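Please read the structure below before turning to the comments.
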Amino acid sequence: MPALTFNQLPREMRDMIWAAAAAAQYQHIADGLSKFSTKPGAAERLRQAFVGYESLPEGVEKQPLRLCVNDNGERVRLLMNEFQTLVNRVPIATVCLESRLQAIDFCRSRVDIVDLHYTIDPSDRGDEIINRLLQPTTVVVTNTYNPYEPWDAPSEFDSAEHFVAKIDRLFGSNVEHVVLNRSFYSFTALERIYWPHVGCTRDREKMDGIYIDEPSHDKFDIFMTPDRRIHAKEELFGAEKNVKFNLQTICHHLLKFYEIWDACKKKQKLLSLRTIQLQLYTYNMGDILPTQVKAVIKDGVLWANWHDCQIGDYTDFISEHL
């Protein structure tokens, strides 16, 4: 009996061979790269994807691969796809369709985080996105900071529903973590950083909290219930003025997080979402002040820990321009 050629092998066997080759080639590339950053920008993002984010030395900032898309109101178009660049670096990705699919699958298994730059532009630049791009578990949504943009310029998302719909459209329903990476002027309104408030958010401009009397409750754990009420230990509510002001600022961000979770339930999208995080950088008199708020979704309740939050600068709750 003559030996079978490669093309005569069953498809399942060919896929196994291609998959093993993709893994070996990917690792070979990773082994040849420096363990430390050598170049800025896209080269460093590709290096980190190959060597693995878990292998980054302590103190090295994680830099996810970037996807830049443009929405003209009718179609969403792809402007830059560094994940595709990653795939193209694996040699078997250029052999045939079968091998490329296996290279894509392996690269997807290695990339669990992506940095999305989403813009609204009436132009037709880029190729229309027909299928979902990839399915990471973490999506970082980064706005493009423009210091010459007017104060009352609209945000890139019209609402939480718009935000959820676009994330689901591009990445599917398996997203577990969303990070909003934003850069704005100091005292930019919350509506500008996210999107215009819904009624129940606007009604909570002056937060009135509920004391937690349970002795075993960690005094640094705070949570917000579906009625948009914040629950915290009396020690936080009764602390000095700046702590109370920081608590109110955290609560304002949790209100916007709740809009995202409400949109997920309403649209039945991104139901795997577990954490929502804000990384906000405000520009104030030449300084860049970082703010971080992180919330975990448990049984419809948003939980935050005081130690996971940092208020570097304050934002206006409502914009006079909106």
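The sequence shown begins at 1071 in my numbering and counts up by one.
Idealized CB from N, CA, C, for every residue including glycine.
No experiment lies behind these values; they were computed from the predicted model shown.
{"query": "Straight-line gap, W1221 to M1355 (C-alpha atoms, nearest Å)", "result": "In this prediction, W1221 has a pLDDT of 49, which is less than 50 and means its spatial position is unreliable; what the coordinates show is noted afterwards. Roughly 16 Å separates the two Cα atoms."}
{"query": "For C1270 and A1302, the rounded distance between their alpha carbons", "result": "20 Å"}
{"query": "Beta-carbon proximity list for T1155, same chain, < 6 Å, skipping 5 on both sides", "result": "none"}
{"query": "Distance cut-off 7 Å: P1206 Cβ against heavy atoms of the ligand FMN", "result": "Absence of the ligand FMN is noted for the structure shown, with no ligands found whatsoever."}
{"query": "Status (buried if at least 16 other CB within 10 Å, exposed otherwise) for Q1347", "result": "buried"}
{"query": "Candidates D1101, V1157, E1131 and V1146, of which the one nearest F1176 by Cα", "result": "V1157"}
{"query": "Check whether K1337 and E1231 have beta carbons under 8 Å apart", "result": "yes"}
{"query": "Outcome for S1342 when other beta-carbon atoms lying within 10 angstroms are tallied against a minimum of 16", "result": "exposed"}
{"query": "Alpha carbon of W1450 to alpha carbon of F1227, nearest angstrom", "result": "Since the displayed the chain opens at 1071 and closes at 1392, residue 1450 lies outside it and no answer follows."}
{"query": "Short Cβ contact (8 Å threshold) for V1139 with L1260", "result": "no"}
{"query": "Where P1080 falls: helix, strand or coil (DSSP)", "result": "coil"}
{"query": "For D1291 and N1213, believed in contact at Cβ under 8 Å, the rounded distance", "result": "Incorrect: roughly 30 Å between the Cβ atoms, too far for contact."}
{"query": "Buried versus exposed, by CB contacts within 10 Å (16 or more), P1217", "result": "For P1217, the predicted structure reports a pLDDT of 49, less than 50, and the residue's modelled location is therefore unreliable. The matter cannot be settled from this model."}
{"query": "Q1118, enclosing alpha helix (DSSP H) - first and last residue", "result": "A1112 to V1121"}
{"query": "Residue of D1194, P1285 and E1304 minimising C-alpha distance to G1279", "result": "E1304"}
{"query": "Closest Cα partner of N1312 within the set E1082, A1091, S1107 and I1381", "result": "I1381"}
{"query": "Bridge-paired residues (DSSP) for L1372", "result": "M1294 and I1367"}
{"query": "Rounded separation between Q1095 and D1357 - CA only", "result": "44 Å"}
{"query": "CB contact flag (V1397, I1237, <8 Å)", "result": "The structure shown has nothing for residue 1397, since the chain only spans 1071 to 1392."}
{"query": "CA nearest to the CA of P1161, picked from L1359, Y1328 and A1093", "result": "A1093"}
{"query": "Cβ distance (whole Å) where R1399 is taken to contact L1204 below 8 Å", "result": "The question about residue 1399 has no answer here: the residues shown for the chain are numbered 1071 through 1392."}
{"query": "Complete alpha helix (DSSP H) runs within the stretch 1235-1319 (minimum length 4 residues, chain order)", "result": "1260-1263, 1269-1272 and 1304-1307"}
{"query": "Three-pair Cβ contact test at 8 Å for the stretch 1281-1299 versus the stretch 1181-1194", "result": "no"}
{"query": "Identity of the residue in C1166, D1197, D1194 and Q1349 nearest S1253 by Cα", "result": "Q1349"}
{"query": "Coarse secondary structure for N1201, derived from DSSP in three states", "result": "coil"}
{"query": "Status (buried if at least 16 other CB within 10 Å, exposed otherwise) for M1408", "result": "Outside the shown range of the chain, which is 1071 to 1392, sits residue 1408, and nothing can be said about it."}
{"query": "Per-residue DSSP class, three states only, for D1185", "result": "strand"}
{"query": "Limits of the beta strand (DSSP E) - the one that Q1338 falls within", "result": "First-last for Q1338: undefined, no H or E at that position."}
{"query": "Other residues of its chain near E1114: CB distance less than 8 Å, five sequence neighbours each side excluded", "result": "S1107, T1108 and Q1133"}
{"query": "Among D1369, V1363, D1182 and H1322, nearest to D1273 - alpha-carbon criterion", "result": "H1322"}
{"query": "Same chain, Cβ closer than 6 Å to A1333, neighbours up to 5 away in sequence not counted", "result": "A1230, E1231 and V1234"}
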